[in-house]
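Peer 1:
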Amino acid sequence: MTVPNPNAATGLDGDQPLLEIRRLGIELTDYLPPRVLVQDVSLTVRAGESVGLVGESGSGKSMTIKAAMRLLPDNANVSGDINFDGRSVDKLSRSELAAYRSGDVAMIHQDPRSHTNPMRTVGEFLIEGVVATRQMKKSDANDKAVALLAEMGIGDAGRRMKQYPHQLSGGLLQRVMIAASLMNEPRLIFADEPTTALDVTVQSEVMAILMEQIQDRDLGMLFVTHDLDLAAAVTDTLVVMYAGTVVERGRAEDVYIHPRHPYTAALLASRPSTTQVRRLVSIPGRPATAYEVGDGCAFAARCPFATEQCRSTRPPLRPVDDSQVACHRSEELAAVLKEAASA
Amino acid sequence: MTTNEVGGAADSRPNAGITDGTILPSRRGAEVPADTPSAILAVENLTKIFGRRGQEHAAVKDVSFTLGEGDSLAIVGESGSGKTTTARIVAGLETATAGSVMIDGRPVTRASRGRRQRRADARMVQMVFQDPFGSLDPRQKIGQGLRELLAIHYSLSSSAASQRVSDLLRQVGLDDRHAGQLPRTLSGGQRQRVAVARALALEPKILILDEAVSALDVSVQAQVLNLLVDIRQETGISYLFVSHDLGVVRQVTDNCIVLNQGELVESGPTALVLDSPRHEYTQSLLDAVPKPGWKPRRRTS
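Sequence order for the protein chains is A and B. Everything in the first sequence is counted per our numbering, starting at 1 for the first residue and increasing by one. Everything in the second sequence is counted per our numbering, starting at 1001 for the first residue and increasing by one.
So this is what it looks like as structure tokens:
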């Protein structure tokens, strides 16, 4: 599985990304014309790298990771390339796909309660995957599950193994989900809003545990969230999505401190601060979805800096300083955007 | 049951239930306008116990606070803190096990007697809920819903009612086009604006906002927060703002109380409580808010 792939012809720099998504497009075919949900999304996750995929509702962030796991329904038409470790995920055979999902990657969902079987114990849930795919014997899997639960800071792991999901709190159950995602020793974790449903203090704890595991095991992570503050704090790279497309990509600190796209700056400015009271800078209108926006920039309708060019021509993602930005006016707005985001 | 007066609520509490003994939640609570006669809401020693005998669970334990007329008070806490239960008791959706709730000098702890009184109570307190998808009738057009509310509570002529509907929609940043639409054609932010318009239709003295902006995207949340600030400035309405989000609380409230597992642990002016929290629980809430340089932490316990 780790054989270097000759097709991995992206290499600006030598080491090949673990996950590479190139020009991903997703459309729903049960509309005429097909309804575009995601277009032209490119991103990479290297081994040991945490990438935050940030956006509001309808931005296509969850669809993107579903596509990366090939979990989209039949009525979704996927274009572009998704490569894991140099192999195209779209071309995997049935058995290869099963091996990919059960061995290479794992997913942590937002709501652990709807992704566990209420009729099965925590123990059964944890060992089911590895036992069914014959990666482990039942007794070994049991030992490993208990050890993992202990690593998650769950004290009486033996007793928890025999409990049912309804007997666990949300934070505890999410820790069980993290343990479940680590059972098969994956190399890449997809985390889809893993702490959104949790209280802040519980979020802090669950994130601490997740980041510890990611760092100890040198795993790649694609972390989907609507919370730019959270993503900036825990990831290396940020990818900001709007209306199904990537508007900005760069190192987390860069994007957070010096956003190059008006949307990123506006998102940062509209977050209510805990330390000062000020009139919030709201973005007029509501988040758009890909099929609603025309040929121009996806954000043009809500952007205070939009010009005629923005409304007619879609700006491509291009390098600006160290970041990648899809904005015609990024350079001339640099100072204004930095100011707006830090206000 | 003491229902004699409105004063002294927040600062007469004993230091019950605080184990480390170092924090007096009442000290700065005295700055909440507890003794002013203009308190529109006074809650005293409120306790709510759920469950049958033998397996009781106290959701709210001996909580007292006041809300001054035109003020905005936050109830801050995590899930299970009793913040929503407290708000529901104030709104009359739940009855208290013990303690009293006085609104404008009138006790509302017991269910109102008679239709007339119930409607009068409804005109005092209105509530906006978290989920804008669940709080509107999916088959009723926005304008019809508002007209129905007005017809129940006021006797307006048809043209006066139409005018009032227009005014209400304009007040929340919508317009007459939205009156003819069904909830499903509106976005989450627009639906929440409709919920606010419906609450404002009865000209309540107190508007209870129970996590009213939590389900909204940040960019839309900012719009609704600004709207709430403007409405309070224009109308002098009082807010009881239930939220777990300290940033949101900072923007729209003057005072706050912090609940932890049903107990009031700290109260005072929002700015003071958030800038220099005195109780370790408040501090842990603040520490858990992601910000630049933030590192997620395991709880020390």
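Every residue gets a Cβ at the ideal spot worked out from N, C-alpha and C, and that includes glycine. It should be emphasised that the depicted structure is a prediction, and the values quoted were computed from it without experimental measurement.
Let me know the secondary structure DSSP gives VAL325 (chain A) once reduced to three states.
Peer 2: To locate residue 325 (chain A), count along the first sequence from 1; it is residue 325. Three-state DSSP puts VAL325 (chain A) in a strand.
Peer 1: According to DSSP, is PRO1269 (chain B) helix, strand or coil?
Peer 2: Here the question's residue 1269 (chain B) lines up with position 269 in the second sequence. It is a strand residue.
Peer 1: Please classify ASP1245 (chain B): does DSSP put it in a helix, a strand, or coil?
Peer 2: As a working mapping, residue 1245 (chain B) is identified with position 245 in the second sequence. Coil at ASP1245 (chain B), not helix or strand.
Peer 1: Cα separation between HIS1279 (chain B) and TYR164 (chain A)?
Peer 2: Taking the first residue of the second sequence as 1, we reach residue 1279 (chain B) at position 279. Taking the first residue of the first sequence as 1, we reach residue 164 (chain A) at position 164. About 35 Å.
Peer 1: Shorter than 8 Å from the beta carbon of LEU1067 (chain B) to some beta carbon of chain A?
Peer 2: Counting from 1 along the second sequence, the entry for residue 1067 (chain B) is found at position 67. Closer than 8 Å: no.
Peer 1: If we call anything under 8 Å between Cβ atoms a contact, is ARG1250 (chain B) one with THR274 (chain A)?
Peer 2: As a first step, residue 1250 (chain B) is located in the second sequence; it is residue number 250 there, counting from the start. As a first step, residue 274 (chain A) is located in the first sequence; it is residue number 274 there, counting from the start. Yes; because the gap between Cβ atoms is below 8 Å, this pair is in contact.
Peer 1: Can you round the beta-carbon distance between ALA252 (chain A) and VAL224 (chain A) to whole angstroms, since I take them to be within the 8 Å contact cut?
Peer 2: Stepping through the first sequence from its first residue, residue 252 (chain A) is reached at position 252. Stepping through the first sequence from its first residue, residue 224 (chain A) is reached at position 224. Actually they are not in contact, since the Cβ atoms of ALA252 (chain A) and VAL224 (chain A) sit about 15 Å apart, beyond 8 Å.
Peer 1: Helix, strand or coil for ASN1045 (chain B)? Go by DSSP, reduced to three states.
Peer 2: By one-based count along the second sequence, residue 1045 (chain B) stands at place 45. Strand, per DSSP.
Peer 1: Below 7 Å between beta carbons is the criterion; list the residues of the stretch 256–274 of chain A that meet it against any residue of chain B, in chain order.
Peer 2: Flagged, chain order: TYR256, ALA266, LEU267, SER270, ARG271, PRO272, SER273 and THR274.
Peer 1: Can you tell me where the alpha helix (DSSP H) holding ARG959 (chain B) begins and where it ends?
Peer 2: Outside the shown range of chain B, which is 1001 to 1301, sits residue 959 (chain B), and nothing can be said about it.
Peer 1: Looking at GLY1247 (chain B) and PRO194 (chain A), is the spacing between their C-beta atoms short of 8 Å?
Peer 2: Position 194 of the first sequence, counted from the first residue, corresponds to residue 194 (chain A). Position 247 of the second sequence, counted from the first residue, corresponds to residue 1247 (chain B). No, the pair does not count as a contact, with Cβ atoms beyond the cut-off.
Peer 1: For LYS138 (chain A), is the classification buried or exposed, using 16 other Cβ atoms within 10 angstroms of its Cβ as the cut-off for buried?
Peer 2: By one-based count along the first sequence, residue 138 (chain A) stands at place 138. Label assigned to LYS138 (chain A): exposed.
Peer 1: Quick one: does SER1187 (chain B) have its CB under 8 Å from some CB of chain A?
Peer 2: Counted from its first residue, the second sequence places residue 1187 (chain B) at position 187. Closer than 8 Å: yes.
Peer 1: Within this structure, are the beta carbons of VAL1229 (chain B) and GLY1188 (chain B) separated by less than 8 Å?
Peer 2: Here residue 1229 (chain B) refers to the residue found at position 229 when the second sequence is read from its first residue. Here residue 1188 (chain B) refers to the residue found at position 188 when the second sequence is read from its first residue. Result no, Cβ atoms of VAL1229 (chain B) and GLY1188 (chain B) do not sit closer than 8 Å.
Peer 1: Answer with yes or no whether the minimum CB distance from GLN1126 (chain B) to chain A is below 8 Å.
Peer 2: Within the second sequence, residue 1126 (chain B) is the residue found at index 126, counting from 1. Cβ-Cβ to chain A under 8 Å: no for GLN1126 (chain B).
Peer 1: Check each residue of the stretch 1222–1248 of chain B: if its Cβ is closer than 7 Å to any Cβ of chain A, include it; give the result in chain order.
Peer 2: Residues passing the 7 Å Cβ filter: ALA1222, GLN1223, LEU1225, ASN1226, HIS1244, LEU1246, GLY1247 and VAL1248.
Peer 1: Against ARG1298 (chain B), what residues of chain A qualify as contacts under a CB-to-CB distance less than 9 Å, listed in chain order?
Peer 2: Counting from 1 along the second sequence, the entry for residue 1298 (chain B) is found at position 298. Those are GLY153, SER204, GLU205, ALA208, ILE209 and GLU212, listed as they occur along chain A.
Peer 1: With a threshold of 7 Å on Cβ separation, who are the neighbours of SER79 (chain A) within its own chain once the five nearest residues in sequence on each side are excluded?
Peer 2: Taking the first residue of the first sequence as 1, we reach residue 79 (chain A) at position 79. So the qualifying residues of the chain are GLY25.
Peer 1: Roughly how many angstroms separate the alpha carbons of ASP81 (chain A) and LEU18 (chain A), rounded to a whole number?
Peer 2: The sequence position of residue 81 (chain A) within the first sequence is 81, counting from 1. The sequence position of residue 18 (chain A) within the first sequence is 18, counting from 1. Cα to Cα, the separation comes out at about 13 Å.
Peer 1: At 8 Å on the CB atoms, spell out the chain B contacts of HIS166 (chain A), in chain order.
Peer 2: Numbered from its first residue, the first sequence carries residue 166 (chain A) at position 166. Simply none; closest approach about 16 Å.
Peer 1: Nearer than 7 Å: is that true of the beta carbon of ALA1212 (chain B) relative to any heavy atom of the ligand MN?
Peer 2: This structure lacks the ligand MN, and indeed carries no ligand of any kind.
Peer 1: When you compare only the Cα positions, how much space is there between GLY129 (chain A) and ASP229 (chain A)?
Peer 2: Position 129 of the first sequence, counting from 1, holds the residue named residue 129 (chain A). Position 229 of the first sequence, counting from 1, holds the residue named residue 229 (chain A). Their Cα atoms are separated by approximately 34 Å.
Peer 1: Can a CB atom of chain B be found closer than 8 Å to the CB of PRO304 (chain A)?
Peer 2: For the purposes of this step, residue 304 (chain A) is identified with residue 304 of the first sequence, where counting begins at 1. PRO304 (chain A) does not count as touching chain B.
Peer 1: Since LEU1136 (chain B) contacts ARG1191 (chain B) with CB under 8 Å, what's their CB separation in whole angstroms?
Peer 2: The sequence position of residue 1136 (chain B) within the second sequence is 136, counting from 1. The sequence position of residue 1191 (chain B) within the second sequence is 191, counting from 1. Yes, LEU1136 (chain B) and ARG1191 (chain B) are in contact; Cβ-Cβ is about 6 Å, under 8 Å.
Peer 1: Would you give the residue range spanned by the beta strand (DSSP E) that GLY52 (chain A) belongs to?
Peer 2: Residue numbering aside, residue 52 (chain A) sits at position 52 when the first sequence is read from its first letter. Where GLY52 (chain A) is concerned, the enclosing beta strand (DSSP E) stretches over 50–54.
Peer 1: Report back the beta-carbon spacing between MET161 (chain A) and ILE209 (chain A) to the nearest angstrom; my notes put them in contact at under 8 Å.
Peer 2: Position 161 of the first sequence, counting from 1, holds the residue named residue 161 (chain A). Position 209 of the first sequence, counting from 1, holds the residue named residue 209 (chain A). Rounded, the Cβ-Cβ distance is 18 Å, inconsistent with contact.
Peer 1: For a contact meaning CB atoms closer than 7 Å, what does VAL1289 (chain B) contact in chain A?
Peer 2: What you label residue 1289 (chain B) is simply residue 289 of the second sequence in a count that begins at 1. Near VAL1289 (chain B) (Cβ distances below 7 Å), the residues of chain A are VAL200 and THR274.
Peer 1: Could you give the residue range of the alpha helix (DSSP H) that holds LYS61 (chain A)?
Peer 2: In the first sequence, residue 61 (chain A) corresponds to position 61, counting from 1. Element bounds for LYS61 (chain A): 61–68.
Peer 1: Relative to the C-alpha of ILE154 (chain A), which residue among A:SER181, A:GLU212 and A:LEU172 is closest?
Peer 2: For this step, residue 154 (chain A) is matched to residue 154 along the first sequence. Checking every option, the nearest Cα to that of ILE154 (chain A) belongs to A:LEU172.
Peer 1: Using beta-carbon positions only, say whether ASP1217 (chain B) and GLN1130 (chain B) come within less than 8 Å of one another.
Peer 2: Here residue 1217 (chain B) is taken as the residue at index 217 of the second sequence, counted from 1. Here residue 1130 (chain B) is taken as the residue at index 130 of the second sequence, counted from 1. Cβ atoms of ASP1217 (chain B) and GLN1130 (chain B): not closer than 8 Å.
Peer 1: Cβ atoms of GLY244 (chain A) and GLN110 (chain A): under 8 Å apart, would you say?
Peer 2: Here residue 110 (chain A) refers to the residue found at position 110 of the first sequence. Here residue 244 (chain A) refers to the residue found at position 244 of the first sequence. No.
Peer 1: For ARG1177 (chain B) and GLU292 (chain A), I'd like the C-alpha separation in whole angstroms.
Peer 2: As a first step, residue 1177 (chain B) must be located in the second sequence, where it is residue number 177. As a first step, residue 292 (chain A) must be located in the first sequence, where it is residue number 292. Rounded to the nearest angstrom, the two C-alpha atoms are 20 Å apart.
Peer 1: Would LEU1046 (chain B) and VAL1060 (chain B) be called neighbours here (beta carbons separated by less than 8 Å)?
Peer 2: Here residue 1046 (chain B) refers to the residue found at position 46 when the second sequence is read from its first residue. Here residue 1060 (chain B) refers to the residue found at position 60 when the second sequence is read from its first residue. Yes. Within cutoff.
Peer 1: Whose CA, out of A:VAL206, A:ARG159 and A:ASN117, lies closest to the CA of HIS166 (chain A)?
Peer 2: By 1-based counting over the first sequence, the position of residue 166 (chain A) is 166. Here the closest residue by C-alpha is A:ASN117.
Peer 1: For GLN16 (chain A), tell me which candidate among A:LYS66, A:ASP74 and A:ARG87 has the shortest Cα-Cα distance.
Peer 2: In the first sequence, the residue the question calls residue 16 (chain A) occupies position 16. Considering only alpha carbons, the answer is A:ARG87.
Peer 1: In chain A, what lies closer than 7 Å to ARG1278 (chain B) by C-beta?
Peer 2: For this step, residue 1278 (chain B) is matched to residue 278 along the second sequence. Chain A residues near ARG1278 (chain B): none, gap ~16 Å exceeds 7 Å.
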